[in-house]
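Engineer:
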Amino acid sequence: MKIAILTFDGFNEIDSFVALAMLNRMKPQGWQAFITSPTETLTSMNGVTIERQKPLSFAAEADAVLVGSGVKTRDLAADDRLLAQIRLNPERQLIGAQCSGTLILAKL
Numbered sequence: 004m005k006i007a008i009l010t011f012d013g014f015n016e017i018d019s020f021v022a023l024a025m026l027n028r029m030k031p032q033g034w035q036a037f038i039t040s041p042t043e044t045l046t047s048m049n050g051v052t053i054e055r056q057k058p059l060s061f062a063a064e065a066d067a068v069l070v071g072s073g074v075k076t077r078d079l080a081a082d083d084r085l086l087a088q089i090r091l092n093p094e095r096q097l098i099g100a101q102c103s104g105t106l107i108l109a110k111l
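Counting from 4, one number per residue, gives the positions in the sequence shown under the working numbering.
1) In chain order, what residues of the same chain lie with their CB nearer than 6 Å to the CB of K5, ignoring the 5 residues before and after it?
2) Give the range of the beta strand (DSSP E) segment to which T42 is assigned.
3) Does DSSP put L1 in a helix, in a strand, or in coil?
4) CA-CA distance, A100 and A22?
5) Is it right to say K30 is buried, meaning 16 or more other beta carbons lie within 10 angstroms of its own, or is it exposed?
6) At a cut of 8 Å, does the region 79-99 reach the region 42-58 through at least three beta carbon pairs?
7) Report the partner residues of G73 according to the DSSP bridge assignment.
8) What number of angstroms, rounded off, separates the C-alpha of P41 from the C-alpha of P93?
9) Just list the residues that DSSP pairs Q88 with in beta bridges.
The structure is reproduced here in C-alpha cells:
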C-alpha cells in the first residue's frame with residue numbers, strides 16, 4: 004500500500020511525522036508512507052525545514068491519502084489553484100485527514 008501524507012508549508016510536525024513513522028512500521032507488510040507536497044521544501048509551524056519525498060501528483064496514484072494540518076490550512080483550503088492539483092478517487096483510495104486538514108478535504 005502506497006500512502007501519501009499531504010503536507011504543506013506551515014505543517015504541524017506531530018501530524019505529519021507521527022503518521023509517517025507509524026504507517027512506515029508496516030513496511031514488512033508492504034506499506035510505504037511518504038511526505039507528499041506541492042513544493043520541494045517546506046517549513047513547519049515551528050521552523051523545521053524538510054524536503055518532500057513525493058510531489059503532490061503522487062496523491063493520484065497512492066492507495067491511501069492522509070491530509071495533514073498546519074497553521075496555514077484555512078488559506079490552503081481557499082486556494083482553488085492548489086485544490087485543483089489534488090486528484091483523489093474515493094472509489095479506489097482510502098482518504099482521511101487530521102485536525103484542520105479536514106478543511107482541505109471538505110473542499111475537495
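Where is the CB? At the ideal position from N, CA and C, for every residue including glycine.
Everything numeric in this text was worked out from a predicted model, so none of it was measured.
Structural biologist: Reading from the atomic positions:
1) Taking C-beta separations shorter than 6 Å and ignoring five residues to either side along the sequence, the partners of K5 in its chain run Q35, A65 and D66, following chain order.
2) That residue, T42, is in no beta strand (DSSP E); it is neither H nor E in DSSP.
3) This structure gives no information on residue 1, because the portion of the chain shown stretches from 4 to 111.
4) Annotation: A100 to A22 spans about 11 Å, alpha carbon to alpha carbon.
5) exposed
6) Short answer: they don't touch.
7) According to DSSP, which records beta bridges pairwise, G73 is partnered with F14.
8) 21 Å
9) Answer is none; Q88 lacks a bridge partner.
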